[in-house]
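See below for the structure under consideration.
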Amino acid sequence: MSQNSIKGTPFHKSTAARMNSPWWFGWGGYAVPDVYTDLHVELGAIRNGVSMNEMSPVPKTEIMGPDAERFVEHLLPRNISAMKVDCAWYAPCCNEEGKVVADGIIFRFGENHFVFSADNCTKYIKDLAETYDVTVANVTDEYGILALQGPGSPAVLADSTSGDCSDLRFGEVRKTEIAGVGVKVARQGFTGELGFEIWVERPDGEKVWEAVAASGGSFGIQPAGEYAIDVARVEAGLLLISAEYTGAEIEEPSADSPPNPIDHVTPYELNLGHCVKLGKEADFIGRAALTAELETGPRRRLVGLEFDAESIVGLSLKNGWSADISPRVRWDHLNLRHAGEIVGRASSVTWSPTTSKLIGFGLVPAELANPGTELCVDWADYWGSPLGAAPASTCAYPFIKTNKR
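In terms of our numbering, the sequence shown opens at residue -16 and continues consecutively.
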């Protein structure tokens, strides 16, 4: 990504003014703070206080028109006809082979107005919509998303908004105002904590950010960068495309792992069967393939992993590397072995300050997915050079008790 192609989000001036580190993160052509002050301070605010997080670069595909409901019903395996206006549901989007193109949140802002907030799949969706009376557009740049996360988020939101949002349930959306600006507040988040996402149109982004920051001052609000958000989402057992899997039809992945067909997965392999409504009346993309897979069971499963951190520190020191074995979440893949044979791969490996463990996800054969299965990981440095094998074991995820609902 060239310097000239980097864009600022609607909150860029406000976030830049609060940066006390030089660490920025490139996300889908945007520059967002990676660390404002300190990872532990920012993660602590998410878990124990209240944080304000920049989520604007999440790709957003808008679907509008008389056939919008019928098209989204065909696009996604959720029962969209039962979805009320001002609701937000998690959903995978699949191709005809049942492989996940992207996973994300489908928002219903009106009877004929949907936005799919997921990896960059606008072209894929637009191609599928040719025979429907809808318009499909990438509206990523038109909205800022300010996430309030943590147990203190309801108090900050109440002090910021003109209307009462205290009764919002998880997955509900409400229109209100902040500093006289119309916004949409969704009971959502990517950290596993109680929280909200505030959608605001680009021209008013800075005004809304500053108003929320002012309201949050008396509650100890702390801006949290991408590093803290990434660690928080792993602790909460939340998946990331291009880390946990490769989107089957994605033309421009947001993360940095090279595309590999072996990393194309189904919702059942990702433990997302609860989002696949095979019994719904309307047909949907991938239905036949997913029906067949359900009959036999998935070949692989996503599992949680715990690693022997002391062994990995030893490998690092032996090879002349720092004892800091997890300077940030690893989006690259590390081979997993069982009885000496490569059986899968680990992803999103990170040190978890909340649990004091080295954790991550693994994609392994279904017969090895039970918690407590002993494996080995081929540990490598951040350039991919092998350092040696270390013990790992499968476990359940999330790795923490989540409080998002």
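Backbone N, C-alpha and C fix where the C-beta goes; we use that ideal spot for every residue, glycine too.
Just checking my contact of residue i with residue j at CB under 8 Å: how many whole Å lie between their CB atoms?
i       : j      : result
Ala329  : His316 : 7 Å
Tyr210  : Arg311 : 6 Å
Thr114  : Gly48  : Wrong, their Cβ atoms sit about 12 Å apart, outside the cutoff.
Thr249  : Leu273 : 7 Å
Leu131  : Ile181 : 7 Å
Leu358  : Thr338 : Not quite, the Cβ-Cβ distance comes to about 19 Å (not below 8 Å), so this is no contact.
Leu129  : Met35  : 6 Å
Phe(-6) : Ser64  : With 8 Å as the limit, Phe(-6) and Ser64 do not qualify as a contact, their Cβ atoms being about 36 Å apart.
Glu218  : Phe8   : Not really, about 19 Å apart at Cβ, beyond 8 Å.
Lys43   : Tyr126 : 6 Å
Val33   : Gly199 : 6 Å
Arg185  : Asp124 : 7 Å
Tyr19   : Gly135 : The pair is not a contact, with the Cβ atoms about 17 Å apart (cut-off 8 Å).
Beta carbon of residue i, beta carbon of residue j: below 9 Å?
i      : j      : result
Ala101 : Ala85  : yes
His23  : Pro244 : no
Ser309 : Leu341 : yes
Tyr73  : Gly220 : no
Asn302 : Asp364 : yes
Leu177 : Pro206 : no
Ile204 : Cys77  : no
Ile46  : Phe97  : yes
Ser143 : Ala194 : yes
His247 : Lys67  : no
Leu261 : Leu277 : yes
Phe99  : Phe92  : no
Using the beta-carbon count (16 or more within 10 Å), is residue i buried or exposed?
i       : result
Ser294  : buried
Ile201  : The sequence shown places Ser at residue 201, rather than the Ile named in the question. Label assigned to Ser201: exposed.
Asp266  : exposed
Gly110  : Residue identity check: residue 110 is Asp in the sequence provided, not Gly. So Asp110 ends up on the exposed side.
Ser225  : buried
His257  : exposed
Asp239  : With a pLDDT of 48 at Asp239, under the threshold of 50, the modelled position of that residue is not reliable, and the figure given next carries that caveat. Flag for Asp239 reads exposed.
Asp17   : buried
Asn3    : exposed
Asn103  : buried
Trp192  : buried
Ala(-1) : exposed
Ile161  : buried
Val122  : exposed
Trp366  : exposed
Lys384  : exposed
Phe153  : exposed
Leu445  : The question about residue 445 has no answer, for the chain in this structure spans -16 to 388.
Taking 6 Å as the limit between beta carbons, can you name the residues of its chain near residue i, skipping five residues before and five after?
i      : result
Val332 : Arg313 and Gly343
Ile212 : Asn36
Trp10  : Pro40
Glu227 : Ser330 and Phe344
Lys167 : Val156, Lys158 and Trp182
Ser148 : The question names Ser, but residue 148 in the sequence shown is Cys. So the list reads Leu140, Arg157 and Val168, once near-sequence residues are dropped.
Arg270 : none
To which residues of the same chain is residue i closer than 7 Å at the C-beta, ignoring the five residues directly before and after it?
i      : result
Tyr107 : Val84 and Glu232
Val259 : Pro60, Pro250 and Leu273
Ala373 : Phe290, Asp291, Ser294, Ile295, Leu298, Cys359, Val360 and Trp362
Val326 : Leu319, Arg320, Val347, Pro348 and Leu351
Ala306 : Val296, Ser299 and Leu300
Excluding the 5 residues flanking residue i on each side, which residues of the same chain have their C-beta closer than 8 Å to its C-beta?
i        : result
Trp216   : Looking at the sequence provided, one finds Arg at residue 216 rather than Trp. Within the same chain, Arg216 has close Cβ partners Phe173, Thr174, Gly175 and Leu223.
Asn(-12) : Reading off the sequence, residue -12 comes out as Ser, not Asn. Gly12.
Lys(-4)  : Glu189
Glu155   : Asp69, Cys70, Ala71, Ala169 and Arg170
Does residue i come within less than 9 Å of chain B when only Cβ atoms are used?
i     : result
Asn95 : No chain B is part of this structure, which consists of one protein chain only.
Closer than 8 Å: is that where the CB of residue i sits relative to any heavy atom of the ligand ADP?
i      : result
Lys190 : The model on display carries no ligand, and the ligand ADP is accordingly not part of it.
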